[in-house]
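**Q** Once you've had a glance at the structure underneath, I'll fire off some questions.
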Amino acid sequence: MKLKDKVAIITGASSGFGKASALLFAKEGAKLVLVARKESSLKETENEIKKLGAEVISIPADVSSEENIKKIIETSVEKFRKIDIIFNNAGTFGPGNVEETDLETWNKVMNINLTSIFLMAKYAMKYLKESKGSIINTASAGGLIGFPQAASYAASKGAVISLTRSIAVDYAKDGVRCNAICPGTSATNMTEEVLKVPELCEGFLAPIPLHRFGNPEDVAHAALYLASDDSSYVTGISLPVDGGWTMA
Ligand SMILES: NC(=O)c1ccc[n+]([C@@H]2O[C@H](COP(=O)([O-])OP(=O)(O)OC[C@H]3O[C@@H](n4cnc5c(N)ncnc54)[C@H](O)[C@@H]3O)[C@@H](O)[C@H]2O)c1
Numbered sequence: 124m125k126l127k128d129k130v131a132i133i134t135g136a137s138s139g140f141g142k143a144s145a146l147l148f149a150k151e152g153a154k155l156v157l158v159a160r161k162e163s164s165l166k167e168t169e170n171e172i173k174k175l176g177a178e179v180i181s182i183p184a185d186v187s188s189e190e191n192i193k194k195i196i197e198t199s200v201e202k203f204r205k206i207d208i209i210f211n212n213a214g215t216f217g218p219g220n221v222e223e224t225d226l227e228t229w230n231k232v233m234n235i236n237l238t239s240i241f242l243m244a245k246y247a248m249k250y251l252k253e254s255k256g257s258i259i260n261t262a263s264a265g266g267l268i269g270f271p272q273a274a275s276y277a278a279s280k281g282a283v284i285s286l287t288r289s290i291a292v293d294y295a296k297d298g299v300r301c302n303a304i305c306p307g308t309s310a311t312n313m314t315e316e317v318l319k320v321p322e323l324c325e326g327f328l329a330p331i332p333l334h335r336f337g338n339p340e341d342v343a344h345a346a347l348y349l350a351s352d353d354s355s356y357v358t359g360i361s362l363p364v365d366g367g368w369t370m371a
């Protein structure tokens, strides 16, 4: 098992990449703290994980609140005595170019996608130093290339990539690693409405050399690699999991 007795906090664990990663981490021996907004779907993930025999707790919380981030960390340490892995995966989309984006949307997207990762690292770092832990952040292919009609989203994900590098270089001396994953267009709740429309679907598929959309397990396997000792000499990277989209 690659994560035997490791304690992992996963945000956005109620669906998509977060849920698939929680299930994979549990199979690999991790103890899990699941975070998402919706209690009912979070409980569903929790029950599936319990069936695998793993130890797990759920914390329904909005990650854009500083108080909630502190609570998530305190509750995790109270329950499991340490934190080894944080997978900052919760995220939201903000549509529109800069003229169409209002300040409220901009701030909301930044708070959920970026500030939550800053706060999580800030308050959990003392525990991660003790465990020589690993942070994994979900950025996006949209943070690597010009991504149309998503100014706030692309800016937030580009900043996640930068913050990932900053944390990596600042804390390498303490044995803490920090990496990001940049998924391409993937079939999850976030893209469900768009991928239902055949013309939009074709448009998103056309630039992907492997000619398929990603699935939650593609990202979960990348997260497992970055969480485990398999990547012990890897820090600061932003790993595209995008079927070659940003390489073409
Ligand atoms: N699906 C894609 O094509 C794609 C591509 C690149 C990046 N991403 C990123 O992947 C991550 C996961 O998204 P997904 O595609 O699995 O979609 P999803 O909608 O299935 O999952 C999003 C998760 O984030 C949680 N969440 C959202 N806002 C939150 C908040 N304020 N506080 C706590 N939890 C919150 C939701 O409850 C849910 O569990 C996001 O960061 C997203 O930006 C998705």
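For what it's worth, my numbering labels the leading residue of the sequence shown as 124, then goes sequentially.
We treat Cβ as the ideally placed atom computed from N, Cα and C, and that holds for glycine.
Taking the continuous alpha helix (DSSP H) assigned at Arg288, which residues delimit it?
**A** Ala274 to Tyr294
**Q** With DSSP run on the structure shown, which of helix, strand or coil describes Leu157?
**A** In the displayed model, Leu157 falls within a strand according to three-state DSSP.
**Q** Report back the beta-carbon spacing between Val179 and Glu189 to the nearest angstrom; my notes put them in contact at under 8 Å.
**A** That pair is no contact at about 25 Å.
**Q** Hey, quick one: how far does the beta strand (DSSP E) through Leu362 stretch, first residue to last?
**A** Ser361 to Val364
**Q** Which residues bound the beta strand (DSSP E) around Pro306?
**A** Arg300 to Pro306
**Q** Cα-Cα, which of Lys125, Leu146 and Asp128 is closest to Ala343?
**A** Leu146
**Q** From which residue to which residue does the alpha helix (DSSP H) around Asn170 run?
**A** Glu162 to Lys174
**Q** Locate the alpha helix (DSSP H) running through Ser199, then write down its first and last residues.
**A** Glu189 to Phe203
**Q** The beta strand (DSSP E) spanning Met181 covers which residue range?
**A** Here residue 181 is Ser; the residue named in the question, Met, does not match the sequence. Taken as a continuous stretch (DSSP letters only), the beta strand (DSSP E) holding Ser181 covers Val179 to Pro183.
**Q** Determine the closest residue to Pro363 out of Lys161, Glu316, Tyr276 and Ile268, with distance taken between C-alpha atoms.
**A** Out of Lys161, Glu316, Tyr276 and Ile268, the CA that lies nearest to the CA of Pro363 is found in Ile268.
**Q** Do the CB positions of Ser199 and Asn236 come within less than 8 Å of each other?
**A** no
**Q** Tell me whether Ala213 is buried or exposed, calling it buried when 16 or more other Cβ atoms sit within 10 Å of its Cβ.
**A** buried
**Q** Note down the Cα distance separating Tyr294 from Leu349, rounded to an integer number of angstroms.
**A** 16 Å
**Q** Whose CA, out of Met313, Ser137 and Gly265, lies closest to the CA of Lys161?
**A** Ser137
**Q** Report the rounded CA-to-CA distance for Phe203 versus Ser354, giving the unit in angstroms.
**A** Each residue's CA atom was taken as its position, placing Phe203 and Ser354 some 24 Å apart.
**Q** What do you get for Met124, buried or exposed, if any count of 16 or more other CB atoms within 10 angstroms of its CB means buried?
**A** Classified as exposed, Met124 has fewer than 16 neighbouring CB atoms from the shown chains inside 10 Å of its CB.
**Q** Apart from the five residues on each side of it in sequence, which residues of its chain come closer than 6 Å, Cβ to Cβ, to Trp229?
**A** Ser275
**Q** Does Asn302 pass the burial test, meaning 16 or more other C-beta atoms within 10 Å, or should it be called exposed?
**A** buried
**Q** Kindly indicate the opening and closing residues of the alpha helix (DSSP H) around Ser254.
**A** Start and end: Ser239 to Ser254.
**Q** Thr287 and Asn312: beta carbons closer than 8 Å?
**A** no
**Q** Could you round the C-beta distance between Ile133 and Leu155 to whole angstroms and report it? I think they count as a contact, below 8 Å.
**A** 7 Å
**Q** Which stretch, first to last residue, makes up the alpha helix (DSSP H) that contains Ser144?
**A** Gly139 to Lys150
**Q** State yes or no: is the C-beta of Ala277 nearer than 7 Å to some heavy atom of ligand 1?
**A** No, the beta carbon of Ala277 sits no closer than 7 Å to any heavy atom of ligand 1.
**Q** Sorry if obvious, but does the Cβ on Met370 come closer than 7 Å to a heavy atom of ligand 1?
**A** no
**Q** Buried or exposed: where does Arg300 fall if 16 or more other Cβ atoms within 10 Å of its Cβ makes it buried?
**A** buried
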